[in-house]
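Numbering (the numbering used here), first residue to last: 10 to 140.
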């Protein structure tokens, strides 16, 4: 079972709420360039590469969104990876009945105190603690 999550990306120009794939194989949250440009992100001048679930090599730029809400937790000035999603990636996401312009990464989930619960297909809240 796949895990879906509700997120809101707030940029310098606009915001977008969507239901996305919570991907434990993705370290960073990945956002399509068109969406990133529409909401207004600030680029950090760093590039990263990743391999998508469809086996495609994607290169992107690290950027900052003003706020990234994961379910009910707000992360300020969160890093994302901006890439150009190709047709295969968009089709794969659409087939899962999630937004085809963003994927929630595991680091973002953890920062928001959530973990994926594959048995129910949702994010589960956990309490953070320090030693």
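Just so it is clear, CB atoms sit at the ideal spot from N, CA and C, and this is done for glycine as well.
Give the secondary structure of residue 53 by DSSP, where H, G and I count as helix, E and B as strand, and everything else as coil.
Of the three classes helix, strand and coil, the one that applies to residue 53 here is strand, per DSSP.
Spatial distance of residue 51 from residue 132 (CA atoms):
Going by the C-alpha atoms only, they are around 28 Å apart.
Residues in the same chain with beta-carbon distance under 8 Å from residue 10, minus the five sequence neighbours each way, listed in chain order, please.
Around residue 10: 127, 128, 129 and 130.
Could you tell me whether the Cβ atoms of residue 92 and residue 45 are closer together than 7 Å?
Here residue 92 is not near residue 45, since their CB atoms are 7 Å or more apart.
Hey, how far is the Cα of residue 66 from the Cα of residue 59?
Put simply, the backbone Cα of residue 66 is about 6 Å away from that of residue 59.
Between the CA atoms of residue 84 and residue 78 - distance to the nearest angstrom:
Looking at the two C-alpha atoms, the distance is approximately 6 Å.
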